[in-house]
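A quick write-up on the structure given underneath.
There are 2 protein chains.
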Amino acid sequence: MQEAINLALKGSADVRPNPKVGCILVKNKEIIGKGYHKKYGGYHAEVNAFNYCIKKYGKDKAVELLSDATAYITLEPCSIFSKTPPCTSSLIKYGVKNVFCASLDPNKKINGKGVKILRENGINVEVGLLKEQALSINQDFFFRHKKGRPFIRMKIAQSLDAKIALSSGDSKWITSKKSRDDVQEIRKSSDGILVGSGTILKDNPRLNVRKNITSINGKQPKKIILGSSFLTKENDLKIYDGKSEVIICSQEFSSYSKKDNLIKLPIKKNSTLKDTLKELSKHELNSILVEGGSKVFTSFLKEGLVDELILYISPKFLGKDSIDSLFIDSPDYLKDARKFKIYDSMLVGDDIKIIMRKKK
Amino acid sequence: MQEAINLALKGSADVRPNPKVGCILVKNKEIIGKGYHKKYGGYHAEVNAFNYCIKKYGKDKAVELLSDATAYITLEPCSIFSKTPPCTSSLIKYGVKNVFCASLDPNKKINGKGVKILRENGINVEVGLLKEQALSINQDFFFRHKKGRPFIRMKIAQSLDAKIALSSGDSKWITSKKSRDDVQEIRKSSDGILVGSGTILKDNPRLNVRKNITSINGKQPKKIILGSSFLTKENDLKIYDGKSEVIICSQEFSSYSKKDNLIKLPIKKNSTLKDTLKELSKHELNSILVEGGSKVFTSFLKEGLVDELILYISPKFLGKDSIDSLFIDSPDYLKDARKFKIYDSMLVGDDIKIIMRKKK
C-alpha cells in the first residue's frame, strides 16, 4: 500500500479536482502491475495498472497472472461511469481475488458502493490499510465531501504593518518575485482562485497559472469572482482567456446560466458566504484559493471560513494611509481574538511565508 | 587567537557594557596562561591570564615563563586606570615579548594608546589577527564607539493585523509565554531598555531581567524613559526597584541631575531623537532595546534609527479598533517604503520571531 501511495503522489496537481490514486497488483508476492491516475480525464489508477501488466507480460500471460491476483488501491474503486468506465468492472472482469483499499471514496455517488459490488462478485475486500496517510494526500478532496464545501486557503501578501496596497491602490509589488512565483505553485494545486470584483476592476489580473513559472498539464484553476454582475464577457478583462471557467457569483443574477466558459451563479439575498461556498462546491471545487481584496479577506475571516491562511510578509512599512489587509471587528477581550496555529514558516526570497491552520 | 575569541565568548552578557575579551599566553608553543573578562567590574582578560599562569606554575616559575612570552588578546590592552589598573602595565611588568591584538579598542581614551605604550616599552605588537571575528562578538560596543550612539534594537510583539493592544489598552498577552521569556534574553544582552512614559503609566512595567527566567550575574540594564517629567520617584512605579539606573529624558527638565539611581536628562526643544541617543551614549549604553509604545516605535522608525527590528507575531487578529503597532507616513511609491532585510526567523512558542536588520 505504501508503494501505491507513493505512486499516487506522482499524479500531483494535474489530476485536480480528482483525487490522486495509486494501484499495485500483486501475484505470488511479486508486483505484476502498477499504475496511478496521471491527469484529469485520463485513465484511473486501476486501468493503468492492468495496462502495465498487459504491456509487460503480453495479453495471454497477463490474463493468467491477473486471475486470483491481489490489488492494493489507495481509494475505493469507482462504481460509476464518468469520464471512464467503472474500475469495479475491470477488477471483476480480470478475476482479481483480493482488494485492499486505503479508504472509501467520500463521494456520495460511490461511498461504499464500489466495495459492495466487488463483494457481491466474490472478491475479498478490506478497507483501511494506511488510511491516515491515504487521506492526507487528498486532503482537499476528502474535506469537500465531508464538509460539503471547498477547503479554503487564503493568501495575503502584506507589509510589516499589515497593509496590502498604497492608498493609490498600488500593490505591484509588495512582495519579492520569488514569493509571487511561490504563489503560482499554490494556484496550481487549487481548483479555483477567488477574488472580489473590486480586485478585478482595479488590477485586471489573469488569475491563472503561468506556464513559464511552473508546469501545468492538468486543468487551469477556475476563476471565481464575488460581487458584481458588471463583469460580463464584453469587458476587456484578462480573466476571460478561454482556457478556464469563470464563475461570477452575484446577487444581481436572477437565474443560473452557463455559456461557453462563463457561469453566472445567482446568490440569494441574506445568504451567507458559507451558502455560496456550498453552491460552488457543486462545481468540482475541492479547494479554493482566496486572493483578495480586503473586503473578501474580511468576509471569509469573519465567518470563520479560513481553513488555511498563508501570509507572505515583506519586511517593509507602507504607513498609516495605506490599505489594511482586512478589518474585522475587535474582540472585547484578548482571549476572544480569532486565532490560528502556525503550521510552517520559511524565507521566500526577501520575504517570510507563514502557513497557518484554523485553531481547533 | 581563535582560542582567545572562544574564551572571550564565555563572558557573555554579564560583562555589559564592557566588551567581551579573551587572552591566551604562549611560551615555547605551549599555552601557559588563559583568561577572559568574566563580569563587569571584574578583572580584565589579561590579568586573569597572568593569574592563571601563576596559579598553575607557582609564582617563581610563572615569572620565568612569562618573560619573553607571546600574548594573543582579542582587543587592544587598556592603557588607563578604570575599575582596574591598566593591562599594558602588567604586560610590561612580566616582560612579555610579543602581543597580537585582534583589533584596536574603539574607545577614544585608548584607541591606539595601549599599542603605543607597549611598543615604547620594546614589545612587538601586531594588530588585526582574526579582526572581523573579534569585531562580531562585540558588535554593539564597536557600533557605539564608531557611530557615537547606542545600537538600537526595537522589539514589537504584534498580531497578524499589526496591532499591539486592544483599544482598552489590554495587551496582556498578545504573544505566548515562550516569546515573552525569549524577550528576557534580549533584555539581558541590552545595556538599556527604553519605553515611552505612556507605557510606564499604562502598564507600570518592571523593565528588568527576571532571574527566574534567565541567569544574570552582571548588571541589570538601565531603564530609559522618553517623555514626561511626571515620573518622579514619589510615584509607586515598579521601575524604581533600586537595582538599576532609571534615566528619564524630558524637555521639561531644565538641568541635568543625578540622585541615587535616578538621572534626569534634559532634552532641548527641537532636538532630534538622534541627539537624545548621543546624550544617552555617554551613559555607557552600547545598545538599547526599544520596547514601545506605538509613538516611540513610530519616532525611531521615522528617524531611521532602528538598527535591528525584532518582531514577534502572534497568529491572531485583534481587529480594526485595536491599537496599531506604529503609524509612520506612507510613501508616494512602493519603492520608497522603509525596508528591512530579514536576517533570521524562527518559531517561538505559538508565535513567529523575525529578526531584521536595516537595509543598506
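Residue numbers (the numbering used here), protein chains in the order written: chain A, 1 to 360; chain B, 1001 to 1360.
Glycine included, every Cβ here is placed at the ideal spot set by N, Cα and C.
The model shown is predicted, which means the values in this text are computed figures rather than measured ones.
Would you grab the beta carbon distance between residue i and residue j for me? Rounded to a whole angstrom, and I think it's under 8 Å.
i: Tyr1040/B; j: Gly1218/B; result: 5 Å
i: Ile32/A; j: Cys53/A; result: 5 Å
i: Ala337/A; j: Lys1316/B; result: 4 Å
i: Ser1345/B; j: Ser345/A; result: 6 Å
i: Lys1188/B; j: Ile1310/B; result: At roughly 14 Å, the Cβ-Cβ gap does not stay under 8 Å, so Lys1188/B and Ile1310/B are not in contact.
i: Val246/A; j: Lys223/A; result: 5 Å
i: Ala134/A; j: Val96/A; result: Incorrect: roughly 19 Å between the Cβ atoms, too far for contact.
i: Met1/A; j: Phe151/A; result: So it is not a contact: roughly 25 Å between Cβ atoms.
i: Gly196/A; j: Pro221/A; result: At roughly 17 Å, the Cβ-Cβ gap does not stay under 8 Å, so Gly196/A and Pro221/A are not in contact.
i: Ser1190/B; j: Leu1289/B; result: 4 Å
i: Leu1091/B; j: Leu1118/B; result: 6 Å
Considering residue i, what are the terminal residues of the alpha helix (DSSP H) in which it resides?
i: Ser1257/B; result: Premise fails: Ser1257/B lies in the beta strand (DSSP E), Ser1257 to Lys1259, not in any alpha helix (DSSP H).
i: Asn1006/B; result: Gln1002 to Leu1009
i: Asp140/A; result: Gln139 to Lys147
i: Cys53/A; result: Ala45 to Tyr57
i: Ser171/A; result: Where Ser171/A is concerned, there is no enclosing alpha helix (DSSP H), given that its DSSP letter is neither H nor E.
i: Gly114/A; result: Lys113 to Glu120
i: Leu265/A; result: Where Leu265/A is concerned, there is no enclosing alpha helix (DSSP H), although the beta strand (DSSP E) it sits in stretches over Leu262 to Pro266.
i: Cys384/A; result: Chain A is shown only over 1 to 360; residue 384/A falls outside these bounds and no answer can be derived.
Straight-line CA distance for residue i to residue j?
i: Ile1239/B; j: Leu1207/B; result: 6 Å
i: Gly293/A; j: Leu273/A; result: 15 Å
i: Ala162/A; j: Gly42/A; result: 44 Å
i: Tyr1036/B; j: Pro1106/B; result: 19 Å
i: Ser322/A; j: Leu1237/B; result: 38 Å
i: Tyr1312/B; j: Leu130/A; result: 39 Å
i: Asn1018/B; j: Asn1048/B; result: 16 Å
i: Val1021/B; j: Leu1318/B; result: 46 Å
i: Ile164/A; j: Ile1328/B; result: 15 Å
i: Leu1417/B; j: Arg1149/B; result: Because residue 1417/B is not part of the residues shown, which for chain B are 1001 to 1360, the question remains open.
i: Asp1351/B; j: Arg357/A; result: 13 Å
i: Phe1142/B; j: Ile342/A; result: 37 Å
i: Lys1320/B; j: Ala1157/B; result: 17 Å
i: Glu279/A; j: Ile354/A; result: 30 Å
i: Ile1225/B; j: Gly1114/B; result: 36 Å
i: Ser1082/B; j: Lys1109/B; result: 11 Å
i: Lys27/A; j: Glu284/A; result: 36 Å
i: Asn1124/B; j: Tyr1072/B; result: 12 Å
i: Pro86/A; j: Lys264/A; result: 32 Å
i: Lys93/A; j: Cys78/A; result: 14 Å
Applying a beta-carbon distance threshold of less than 7 Å, which residues of chain A neighbour residue i?
i: Gly1319/B; result: Ile328, Asp329, Ser330 and Pro331
i: Ile1354/B; result: Ile352
Just tell me which of the options has its CA closest to the CA of residue i.
i: Asp1260/B; options: Gly1242/B, Pro1266/B and Ser1271/B; result: Gly1242/B
i: Glu1252/B; options: Gly1227/B, Leu1262/B, Thr1276/B and Val1246/B; result: Gly1227/B
i: Val1127/B; options: Thr1074/B, Tyr1094/B and Lys1055/B; result: Thr1074/B
i: Ser89/A; options: Asp68/A, Ala62/A, Glu46/A and Glu64/A; result: Glu46/A
i: Leu305/A; options: Ser314/A, Phe141/A, His283/A and Phe340/A; result: Phe340/A
i: Tyr333/A; options: Lys1020/B, Ser1012/B, Ser1167/B and Ile1224/B; result: Ser1167/B
i: Thr1084/B; options: Lys1282/B, Asn1286/B and His1044/B; result: His1044/B
i: Asn286/A; options: Trp173/A, Tyr343/A, Ala13/A and Phe300/A; result: Ala13/A
i: Leu1065/B; options: Glu1030/B, Gly1198/B and Glu1076/B; result: Glu1030/B
i: Glu185/A; options: Gly112/A, Cys78/A and Asn212/A; result: Asn212/A
i: Leu10/A; options: Lys34/A, Lys38/A, Asp275/A and Lys282/A; result: Strictly speaking, residue 10/A in this sequence is Lys, with Leu absent from that position. It is Lys38/A.
i: Lys1258/B; options: Ser1244/B, Phe1297/B and Lys1268/B; result: Ser1244/B
i: Lys1359/B; options: Ser1330/B, Glu1308/B and Leu1347/B; result: Glu1308/B
Along chain A, which residues have their Cβ under 8 Å away from the Cβ of residue i?
i: Pro1205/B; result: Near Pro1205/B there are no residues of chain A at all, since even the closest Cβ is about 17 Å away, more than 8 Å.
i: Arg1149/B; result: The contacting residues do not exist; Arg1149/B stays about 22 Å from chain A at best.
Which first and last residues belong to the beta strand (DSSP E) in which residue i is found?
i: Thr1070/B; result: Thr1070 to Ile1073
i: Ser949/B; result: A query on residue 949/B cannot be resolved here, the shown segment of chain B reaching from 1001 to 1360 and no further.
i: Ile193/A; result: Gly192 to Gly196
i: Val183/A; result: Premise fails: Val183/A lies in the alpha helix (DSSP H), Lys177 to Lys188, not in any beta strand (DSSP E).
i: Gln1133/B; result: Premise fails: Gln1133/B lies in the alpha helix (DSSP H), Lys1131 to Ser1136, not in any beta strand (DSSP E).
i: Ser1314/B; result: Glu1308 to Ser1314
Quick one: list the residues of chain B neighbouring residue i, beta-carbon separation under 8 Å, in chain order.
i: Ser345/A; result: Ser1345, Leu1347 and Ile1352
i: Asp170/A; result: Tyr1333 and Leu1334
i: Ile73/A; result: Those do not exist, as Ile73/A stays about 38 Å from chain B at its closest Cβ, beyond 8 Å.
Using a cut-off of 9 Å between C-beta atoms, extract the partners of residue i located in chain B.
i: Lys341/A; result: Pro1315 and Asp1350
i: Ala134/A; result: Result: empty, since nearest Cβ-Cβ is about 29 Å, beyond 9 Å.
i: Ile248/A; result: The premise fails here: Ile248/A is roughly 29 Å from chain B at the closest Cβ pair, so nothing lies under 9 Å.
Run down chain B in chain order and give the residues with a C-beta less than 7 Å from the C-beta of residue i.
i: Ile32/A; result: Within chain B, no residue comes near Ile32/A; the closest Cβ sits about 47 Å away, beyond 7 Å.
i: Ala69/A; result: Per Cβ cutoff of 7 Å: no residues; Ala69/A is ~48 Å from chain B at best.
i: Leu66/A; result: By Cβ distance, chain B contributes nothing, its closest Cβ being about 50 Å from Leu66/A, past 7 Å.
i: Ser167/A; result: Ser1330
What residues from chain E crowd round residue i, counting only those whose CB sits closer than 8 Å?
i: Leu1301/B; result: You won't find chain E in this structure, because its protein chains are A and B.
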